[in-house]
């Protein structure tokens with residue numbers, strides 16, 4: 166998606182993100198952070214392999230187009 | 267811009283020429299495979315399988331900005347930036363059920379404009395065309411400007427040279443290859459993007475562990491892990507609603523529905539959405555390494571190329587060049603092809619010259635591809651920063667189409683006056699929210715107001731639409 | 009004063025977040041209902057029309 170659109174939001178966001186830490190903060194625990202990072206990389210890897218495998222199957226059956 | 271380019275000029279030229287020749291050759295080759303009629307040129311013969319359909323959705327939705335702005339919001343907003351950006355996958359997920367309905371209701375249609383015209387009449391169709399043209403033009407220009415800026419930053423190319431090269435290559439293979447060329451190249455481009463992103467993430471996190479990144483963020487930048495970060499909370503749903511507006515109305519996605527085999531339509535949008543959703547999180551996670559290593563980032567939207575080059579050396583810069591070049595061309599080709607279909611079918615065949623033959627529609631589409639390519643170059647010639655501000659406006663416009671499109675596909679009560687009013691009032695209030703409240707509210711306010719107008723208008727004055735009217739074109 | 013400003017900012021953000029969630033959820037429900045309405049039916053055979061004939 167065309168998210169150059171975020172630029173003006175980011176200007177505000179950067180200021181907020183670098184502001185002194187508020188009392189109301191809830192930091193994501195380390196294990197969940199790990200889940201987000203590792204899970205996304207595994208997800209992207211699986212998605213890539215799935216598309217390649219589907220392509221191989223459809224190619225062998227002559228069903229690509 | 268960074269002072270010194272990340273990539274040697276000789277290598278950059280080699281990559282640019284090699285990939286340009288590859289895309290054009292493949293586009294022309296695929297373009298020659300079809301029957302040569304208008305359906306083949308505009309919709310690749312209407313029989314694309316699951317692999318190509320999923321890959322073209324993925325490639326079209328991963329724009330040059332997804333590979334740059336997603337890391338940027340990951341860097342500035344942390345987890346909410348990554349997760350909020352990933353919510354843009356909602357557009358693809360929620361379009362999956364609509365896609366089945368479209369495919370079954372309109373077996374011979376070619377564009378999203380066909381649906382709006384037949385379902386809601388010409389007044390609503392005119393409003394819809396205005397909205398989609400404004401969005402498409404803004405989208406094309408940001409991709410063109412993005413291309414110039416990125417090649418300048420990565421390789422030291424002149425802004426205009428990079429911009430003209432990327433737009434020129436995309437226009438050329440779209441012109442000769444039509445939708446077949448676009449879908450075929452999209453398949454290779456999406457696999458390149460996905461595989462190389464995995465490579466960068468795995469190599470990067472093998473140098474700095476996830477735990478080390480977490481500890482560094484917790485100590486130095488806790489706001490990036492804060493799930494109650496106000497800016498992150500504001501960012502999240504606006505992105506989701508903006509993406510729904512983009513996907514529901516734009517002919518890029520409708521043309522994929524018409525081009526795909528009926529049995530694969532639903533699965534391709536779900537699979538494409540799942541695959542895409544991981545991209546902003548992966549690129550954001552890569553950007554977080556820049557914070558953890560205290561990398562100097564003079565310009566925040568260059569964080570992804572900078573951290574990749576820092577971690578992987580000159581090989582990393584080559585990988586970034588390929589990812590971004592593939593992202594830009596795969597989005598530009600889809601935009602050019604889908605917009606050309608829309609203009610040739612809706613504006614030329616149904617408005618300016620009704621009754622023209624299929625061959626003339628095909629010729630008109632080819633002319634429009636060239637015209638749009640040249641127009642994009644012309645409008646991107648001078649880099650204007652305020653264009654980005656202007657593009658935010660399109661969030662208000664496209665979000666106003668979500669309910670008219672979705673309700674119009676499912677409910678016979680959805681009436682044409684309400685649909686027109688929903689688009690107009692939703693757009694106006696969204697724009698007012700942008701100016702008077704904050705830019706991040708534009709899509710949200712537009713979608714909410716448009717939904718209320720559409721729902722109430724259709725409830726008070728229900729239409730009894732005969733669905734068979736959509737069977738034609 | 010600083011804390012109060014931050015809380016106000018957070019409250020505003022949570023409010024807009026909640027509104028965004030409601031609008032999104034409503035849209036999801038409308039689409040899910042529409043999808044269920046037409047699942048397994050002829051695309052032109054409207055259930056409400058059939059009901060009114062009964």
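Protein chains in written order, with this note's numbering: chain L, 166 to 230; chain C, 267 to 739; chain P, 9 to 62. Every residue, glycine too, gets a C-beta built ideally from N, C-alpha and C.
Limits of the unbroken alpha helix (DSSP H) element including residue i
i                      : result
residue 523 of chain C : 517 to 525
residue 492 of chain C : Note, residue 492 of chain C: premise wrong, no alpha helix (DSSP H); not H, not E.
residue 648 of chain C : Neither: residue 648 of chain C is in no alpha helix (DSSP H) and is coded neither H nor E.
residue 429 of chain C : 425 to 473
residue 358 of chain C : 356 to 371
residue 390 of chain C : 388 to 421
residue 285 of chain C : 275 to 297
residue 579 of chain C : 569 to 608
residue 350 of chain C : 345 to 352
residue 270 of chain C : Unbroken run through residue 270 of chain C: none, as it is neither H nor E.
residue 317 of chain C : 316 to 327
residue 683 of chain C : 682 to 702
residue 671 of chain C : 668 to 676
residue 731 of chain C : Per DSSP, residue 731 of chain C belongs to no alpha helix (DSSP H) and is neither H nor E.
residue 307 of chain C : 304 to 309
residue 222 of chain L : 195 to 225
residue 546 of chain C : 531 to 558
Contact under 8 angstroms by Cβ, residue i with residue j
i                      : j                      : result
residue 710 of chain C : residue 31 of chain P  : yes
residue 572 of chain C : residue 563 of chain C : yes
residue 686 of chain C : residue 389 of chain C : yes
residue 413 of chain C : residue 433 of chain C : yes
residue 354 of chain C : residue 506 of chain C : yes
residue 492 of chain C : residue 191 of chain L : yes
residue 713 of chain C : residue 668 of chain C : yes
residue 474 of chain C : residue 337 of chain C : no
residue 341 of chain C : residue 556 of chain C : yes
residue 546 of chain C : residue 706 of chain C : no
residue 467 of chain C : residue 346 of chain C : no
residue 509 of chain C : residue 357 of chain C : yes
Nearest neighbour of residue i, chosen from the options [CA to CA]
i                      : options                       : result
residue 328 of chain C : C:556, C:349 and C:544        : C:544
residue 296 of chain C : C:347, C:450 and C:666        : C:450
residue 48 of chain P  : C:510, C:280, C:366 and C:348 : C:366
residue 215 of chain L : C:422, C:358, C:453 and C:433 : C:453
residue 637 of chain C : C:668, C:285 and C:601        : C:601
residue 560 of chain C : C:310, C:352, C:486 and C:683 : C:486
residue 319 of chain C : C:667, C:526 and C:469        : C:526
residue 207 of chain L : C:698, C:471, C:719 and C:733 : C:471
residue 410 of chain C : C:643, C:532 and C:469        : C:643
residue 298 of chain C : C:275, C:694 and C:439        : C:439
residue 213 of chain L : C:538, C:278 and C:479        : C:538
residue 339 of chain C : C:603, C:554, C:719 and C:587 : C:554
Cβ neighbours of residue i in the same chain (closer than 6 angstroms, five flanking residues each side left out)
i                      : result
residue 16 of chain P  : none
residue 589 of chain C : 333, 459 and 462
residue 664 of chain C : 401, 511, 512 and 515
residue 490 of chain C : 344 and 483
residue 708 of chain C : 661, 662, 696, 699 and 700
residue 528 of chain C : 369
residue 371 of chain C : 736
Residue-level contact to chain C via CB, residue i, 8 angstroms cutoff
i                      : result
residue 199 of chain L : yes
residue 48 of chain P  : no
residue 27 of chain P  : yes
residue 174 of chain L : Confidence is the limiting factor: at residue 174 of chain L the pLDDT is only 43, short of 50, which leaves the residue's position unreliable, though a coordinate-based value still follows. Cβ-Cβ to chain C under 8 angstroms: yes for residue 174 of chain L.
residue 39 of chain P  : yes
Min CB distance residue i to chain L below 8 angstroms
i                      : result
residue 729 of chain C : no
residue 560 of chain C : no
residue 460 of chain C : yes
residue 313 of chain C : yes
residue 649 of chain C : no
residue 491 of chain C : yes
residue 544 of chain C : yes
residue 547 of chain C : yes
Same chain, Cβ closer than 8 angstroms to residue i, neighbours up to 5 away in sequence not counted
i                      : result
residue 379 of chain C : 391, 394, 395, 398, 517, 608, 611, 612 and 616
residue 622 of chain C : 614, 615 and 630
residue 364 of chain C : 514, 671, 672 and 675
residue 704 of chain C : 500
Chain P within 8 angstroms of residue i, Cβ atoms only
i                      : result
residue 673 of chain C : yes
residue 494 of chain C : yes
residue 689 of chain C : no
residue 506 of chain C : yes
residue 734 of chain C : yes
Same chain, Cβ closer than 7 angstroms to residue i, neighbours up to 5 away in sequence not counted
i                      : result
residue 309 of chain C : 376, 445, 521, 524 and 525
residue 270 of chain C : none
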